[in-house]
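Chemist:
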Amino acid sequence: MDFTYDDEQVALRDAVRGLVGKTYSDHEHRRQTVNDEPGFDEKQWARMAEMGILGLPFAEADGGVGAGPVEIGIVAQEMGRVIAPEPFLTCVVLAGGLVSAAGSAEQREEILGAVAEGERVLALAHDEPGRGWVSTASAVTAAEQGGTWTLEGVKEPVVQGARADTLVVTAALPDGGTGLFLVDGDAADLRRDSYRTYDGGRAAKVTFSGTAATPLGEVADREATVATILDVGRITAANEALGSMETALRLTTDYLKSRKQFGVTLNTFQALTFRAADMYVSLELASSMVQWATMVLMSGDAEAASDAARRTALQVSRAARHVGQEAIQLHGGIGVTAEYAVGNHVARLTALDHLLGDGTHHLGGLVSRIGDHEGVDPLR
Amino acid sequence: MQLELSEEDRAFREEMRDFFTTKVPEEIRDAVKDGQELSKEQIVASQQALNAAGLAVPHWPEQYGGRGWSDLRRHLWNEEMQRAFVPAPLAFNTSMIGPVLAQFGSEELKERFMAPTANLDVWWSQGFSEPDAGSDLASLRTTAVRDGDDWIVNGQKTWTTLGQYGDWIFTLVRTNPDVKKQAGISMLLIDMTSPGLEVRPIELIDGGHEVNEVWFSDVRVPGANLVGEVDGGWTIAKFLLGNERVGVAPVAATKRNLALAKDRYAERVAADPLLAARVAELENELLALELTALRVVAHSEGGEPHPASSVLKLKGTELQQAVSELAVDLAGPASLASGADDGSALPGFARRATPTYLNLRKASIYGGSNEVQRQIISKTILGL
Ligand SMILES: Cc1cc2nc3c(=O)[nH]c(=O)nc-3n(C[C@H](O)[C@H](O)[C@H](O)COP(=O)(O)OP(=O)(O)OC[C@H]3O[C@@H](n4cnc5c(N)ncnc54)[C@H](O)[C@@H]3O)c2cc1C
């Protein structure tokens, strides 16, 4: 048992920290970036591709690097640390993960190679209006005629749905089940209405009206595949949240040591230092859980990963709210301004919490299976 | 990174599991499982069974019976012991005074005390706290004044846990009133049968008598019973209190108590989503705590302690208390029957739920209160 990174992983972390940290540790630069379309820095995306980050999870035969969950977690943590706005989670891990898991050999090579090169941005069009966090599709339906498939219905919100070159779409199949399709960004009868999200990102309402679509791999019920990739996404999001929480706590302790009121620095007031200590407790417990889940993912056991994803999402959701809310409170007024980083971390943490299922949602899942086990044993 | 235990560590865990579940008398483990108060004889018998197998003091230096295990193995040993409802070896002996004597004691004291301390032939009490010296331990006032080779001790200690069973007490006493308060403290070992030493019970809210006051009126203590240097007691106290905090997060015991509660009230839990949610949240937090403990032990191999170790006492006692609180809520009206004997129609675990809950309020107070832990985290880890 070992919770530490090996030398190569440390080198990766330092390299990613160097790249994204350099770009975004100046929070004003991040602010300008998210103010301009498409909400992230295309040049930064190209640099990430050059460094090999965008091809990390894909097989070498598909033009990727074939790295594991720990490496992906490292990238996510470093992005979270500076709340880098590039769509690594949604494009590479979620949409790319589905192509990797379900695509034909040609599709994988063509699409994933281009993603790894930074030449093609993918979006996952899965959420549907009025539905919570599920791994099935119903409002968008797929139909076949003469060997060609078309889609009908609305997906919203689709993160980076307007910027994406290719959409990976979940849709209800005629015979039941949830299928996976590719839709070209330029397709006729495709409408994409983009807007800003509160974390500085972009999302879109995507409307399909008899829009041509290509099945991703064989046409089959892919619910299990979708569920698995969403779990991978949850654990990646938890890694990203961990990086962001670490920064939120560090900004807060720095601030307590420098901000003066009543003639003394704020860390003179024990009530405040104790609240910071409790933030640290939340962070450490979340960190243990995130590292564990990342390792469970390495085992390749989908059921274990699903349980770990759920448990980690619950812990991280609770921690992110605690750390985030206290970070703002201990900063006072400056904490809620857009110019200052800490409030933006809280916005991003809120987005991560709601992208793939918040704490209460996952707690519900745990409760429904509470009778299945005596206690939870991380060391099997 | 790697989650699995090595094959050797896995085998080690099996070996521990096998020992604890077969070699410690079952009636003692059943009493622990049932939440009963253990007698002195039961605690001694259990520790002696462990000691005979070399499992009472594995963390001591090897010449005194230590095993030279990795931190991970010590963790597994501790977890398996708790899982099997084996009472932990008496902390005053094994975590506190034993390591202190090994580190600071004279050869004579080591020769005299190490083996009987490991085997619980000598039952130690901890005489640190005083009525006006709790969290601010260094302000203690019990005095020791030289008289030839001996010391004459006067004053009062309080909160002395299980002092009624104590053969010897390790105390902090003021030997120099004229210097900075931390600088004038020494550690003395005192025979509790000495003339002038009196133990008076304090009743706690659970109805039990586990703590006492210890009064000293002109108690004569031989000079050889001084541990370390005169006026050097504070360094020793800090060493000891550091050990006290290690292993105070009884993750496995809390987990096992939660599993018992879930099992005993399975129908109620299944029928009430709010109760089920409390169970699930606690299970999850305990998992996070257990993983944190594993991170700490896997990291501290020979090096600096992991900063997250400060989290263990704080969160560990919070969860221990939360599980005991849940047990009372699950018992519901049956929890009132704490005074009923075995003729009661209500199960023992329901009758004992509230005394346990009330008793465990202590967990966040002693061993460095949780506020003191927050102070440590904010000052030494966060630099505030
Ligand atoms: C059941 C039990 C068994 C014990 N067994 C032993 C024993 O065997 N031997 C022994 O020597 N001692 C023992 N103790 C004593 C224990 O170590 C002390 O109770 C503990 O150190 C706290 O001291 P106090 O009770 O005087 O509380 P106080 O120090 O008076 O504290 C009162 C409250 O104020 C808080 N507080 C104090 N200072 C600060 C601060 N600077 N900042 C923020 N909050 C603060 C505390 O956390 C606490 O909540 C035992 C205690 C209990 C309850």
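Heads up: the sequence lines are chains A and B, in that order. Residues 10 to 389, numbered by our numbering, are exactly what the first sequence covers, in order. Residues 3 to 386, numbered by our numbering, are exactly what the second sequence covers, in order. Ideal Cβ placement from N, Cα and C applies to all residues, glycine included. Computed from a predicted model, the values in this text were never measured in an experiment.
1. Would you mind telling me which residues of chain A sit closer than 7 angstroms to B:H77, beta carbon to beta carbon, in chain order?
2. Rounded to the nearest angstrom, how far is the Cβ of A:G89 from that of A:R211, given a contact under 8 angstroms?
3. Counting pairs of beta carbons, one from the segment 48-57 of chain B and one from the segment 113-125 of chain B, are three or more of them closer than 8 angstroms?
4. Which same chain residues, not among the five before or five after B:D151, have their C-beta less than 6 angstroms away from its C-beta?
5. Among B:K112, B:R363, B:T356, B:V88, which residue has its Cα nearest to the Cα of B:D32?
6. Just checking B:Q322 against ligand 1 - is the residue's beta carbon closer than 7 angstroms to any of the ligand's heavy atoms?
7. Could you pull the DSSP bridge partners for B:L190 from this structure?
8. Taking C-beta pairs closer than 7 angstroms, name the residues in chain A that B:T294 reaches, listed in chain order.
9. Since B:P275 meets chain D, which of its residues come closer than 7 angstroms, beta carbon to beta carbon?
10. Where does B:G316 land, buried or exposed, given buried means 16+ other C-beta within 10 angstroms?
11. Check whether the Cβ of A:E1 lies closer than 8 angstroms to any Cβ atom in chain B.
12. With 8 angstroms as the threshold, decide whether the Cβ of A:Y14 is near any Cβ in chain B.
13. Are there three or more Cβ pairs, one per stretch, closer than 8 angstroms when the segment 232-240 of chain B is compared with the segment 57-72 of chain B?
14. Taking the continuous alpha helix (DSSP H) assigned at A:L251, which residues delimit it?
15. DSSP state of A:Y204, grouped into three classes?
16. For B:F351, does the count of other Cβ atoms within 10 angstroms reach 16, so buried, or fall short, so exposed?
17. What is the C-beta distance between B:A278 and A:V376, in whole angstroms, given that I count them as a contact (C-beta under 8 angstroms)?
18. Compute the beta-carbon to beta-carbon distance between A:V178 and A:L160, rounded to the nearest angstrom, for a pair I have assumed lies under 8 angstroms.
19. At a threshold of 7 angstroms, does B:K364 count as lining ligand 1 (C-beta to nearest heavy atom)?
20. What first and last residue would you give for the alpha helix (DSSP H) that runs through A:A197?
21. Which of the three DSSP states is assigned to B:N121 in this structure?
22. Within its chain, find whatever has a CB closer than 6 angstroms to the CB of B:R19; leave out the 5 residues flanking it on each side and keep chain order.
23. Helix, strand or coil: which one does DSSP assign to A:K31?
24. Would A:A93 be called buried (16 or more neighbouring beta carbons within 10 Å of its own) or exposed?
25. Can you tell me where the alpha helix (DSSP H) with B:D220 in it begins and where it stops?
26. Can you confirm whether B:S337, when its beta carbon is compared against all beta carbons of chain A, has any partner nearer than 8 angstroms?
27. Could you tell me how far apart the beta carbons of B:L199 and B:V221 are, in whole angstroms, since I believe they sit closer than 8 angstroms?
28. Give the DSSP bridge partners of A:K214, in chain order.
29. Can you tell me whether B:D138 is buried or exposed, with buried defined as 16 or more other CB within 10 angstroms of its CB?
30. Restricting to runs no shorter than 4 residues, where is the alpha helix (DSSP H) found entirely within the segment 36-103 of chain A?
31. Kindly indicate which three-state DSSP category B:K240 falls into: helix, strand or coil?
32. Check each candidate in B:T237, B:L103, B:R258, B:A255 and name the one with the smallest Cα separation from B:L191.
33. According to a CB-to-CB cut-off of less than 8 angstroms, which residues of the segment 49-79 of chain A neighbour chain B?
34. Which residue comes first and which comes last in the alpha helix (DSSP H) that contains B:W71?
35. Examine ligand 1 and report whether any of its heavy atoms sits within less than 7 angstroms of the Cβ of B:I367.
36. Does A:F283 come out as helix, strand or coil in the three-state DSSP assignment?
Modeler: Taking the coordinates as given:
1. The count along the second sequence starts at 1 and reaches residue 77 of chain B at position 75. The contacting residues do not exist; B:H77 stays about 10 angstroms from chain A at best.
2. The residue labelled residue 89 of chain A in the question sits at position 80 within the first sequence. The residue labelled residue 211 of chain A in the question sits at position 202 within the first sequence. A:G89 to A:R211, Cβ: 18 angstroms. No contact.
3. yes
4. By one-based count along the second sequence, residue 151 of chain B stands at place 149. Once the five neighbours on either side are set aside, the close Cβ partners of B:D151 are G225.
5. For this step, residue 32 of chain B is matched to residue 30 along the second sequence. A check of alpha carbon separations from B:D32 across B:K112, B:R363, B:T356, B:V88 identifies B:V88 as the nearest.
6. Counting from one through the second sequence, the residue named residue 322 of chain B turns up at place 320. Result no, Cβ not under 7 angstroms from ligand 1.
7. As a first step, residue 190 of chain B is located in the second sequence; it is residue number 188 there, counting from the start. B:L190 is bridged to B:T173, B:L228.
8. Within the second sequence, numbered from 1, the residue matching residue 294 of chain B stands at position 292. Those are E293, L294, S297, listed as they occur along chain A.
9. You won't find chain D in this structure, because its protein chains are A and B.
10. Start at 1 with the first residue of the second sequence, and residue 316 of chain B comes out as number 314. A small correction: the amino acid at residue 316 of chain B is Leu; Gly does not occupy that position in the sequence shown. Buried, by the Cβ-count rule.
11. This structure does not reach residue 1 of chain A, given that chain A is present from 10 up to 389, and the question cannot be answered.
12. For this step, residue 14 of chain A is matched to residue 5 along the first sequence. So yes, A:Y14 belongs to the interface.
13. Contact between the segment 232-240 of chain B and the segment 57-72 of chain B is absent, because fewer than three Cβ pairs lie under 8 angstroms.
14. Within the first sequence, the letter at position 242 stands for residue 251 of chain A. Element bounds for A:L251: 232-267.
15. Locating residue 204 of chain A in the first sequence gives position 195, where the first residue counts as 1. The answer is strand: DSSP assigns A:Y204 an E or B state.
16. Start at 1 with the first residue of the second sequence, and residue 351 of chain B comes out as number 349. Buried, by the Cβ-count rule.
17. Locating residue 278 of chain B in the second sequence gives position 276, counting from the first residue. Locating residue 376 of chain A in the first sequence gives position 367, counting from the first residue. Between B:A278 and A:V376, the beta carbon gap of about 5 angstroms places them in contact (Cβ cut-off 8 angstroms).
18. Against the first sequence, residue 178 of chain A aligns to sequence position 169. Against the first sequence, residue 160 of chain A aligns to sequence position 151. That belief holds up - the Cβ atoms of A:V178 and A:L160 are roughly 6 angstroms apart, short of 8 angstroms.
19. Locating residue 364 of chain B in the second sequence gives position 362, counting from the first residue. Because some heavy atom of ligand 1 lies under 7 angstroms away, the Cβ of B:K364 counts as near it: yes.
20. Reading the first sequence from its first residue, position 188 is the one you call residue 197 of chain A. Per DSSP, A:A197 belongs to no alpha helix (DSSP H) and is neither H nor E.
21. As a working note, residue 121 of chain B is residue 119 in the second sequence. If DSSP states are grouped into helix, strand and coil, B:N121 belongs with coil.
22. If you number the second sequence from 1, residue 19 of chain B lands on position 17. Counting only Cβ-Cβ distances below 6 angstroms, and skipping sequence neighbours, we find E82.
23. Here residue 31 of chain A is taken as the residue at index 22 of the first sequence, counted from 1. Correct three-state label for A:K31: helix.
24. Residue 93 of chain A sits at position 84 when you count from the first residue of the first sequence. It is buried - the Cβ of A:A93 has at least 16 other Cβ atoms within 10 Å.
25. Mapped onto the second sequence, residue 220 of chain B falls at position 218. Looking at the DSSP string, B:D220 is not in any alpha helix (DSSP H); the run it does join, the beta strand (DSSP E), is 213-223.
26. Position 335 of the second sequence, counted from the first residue, corresponds to residue 337 of chain B. Under the Cβ distance rule, B:S337 does not count among the residues neighbouring chain A, no pair being separated by less than 8 angstroms.
27. Taking the first residue of the second sequence as position 1, residue 199 of chain B is located at position 197. Taking the first residue of the second sequence as position 1, residue 221 of chain B is located at position 219. B:L199 to B:V221, Cβ: 5 angstroms. Contact.
28. Numbered from 1 along the first sequence, position 205 holds the residue referred to as residue 214 of chain A. DSSP output for A:K214 lists A:D202 as bridge partner(s).
29. Here residue 138 of chain B corresponds to residue number 136 of the second sequence, with the count starting at 1. The residue in question, B:D138, is exposed, as its Cβ has fewer than 16 Cβ neighbours within 10 Å.
30. 36-44, 51-60, 78-90
31. The residue labelled residue 240 of chain B in the question sits at position 238 within the second sequence. Reduced to three states, the DSSP call for B:K240 is helix.
32. Stepping through the second sequence from its first residue, residue 191 of chain B is reached at position 189. For B:L191, the nearest C-alpha among the options comes from B:L103.
33. V79
34. Here residue 71 of chain B is taken as the residue at index 69 of the second sequence, counted from 1. Here B:W71 belongs to no alpha helix (DSSP H), and DSSP marks it neither H nor E.
35. If you number the second sequence from 1, residue 367 of chain B lands on position 365. For ligand 1, at least one heavy atom lies less than 7 angstroms from the Cβ of B:I367.
36. Position 274 of the first sequence holds residue 283 of chain A. Note: A:F283 maps to helix in three-state DSSP.
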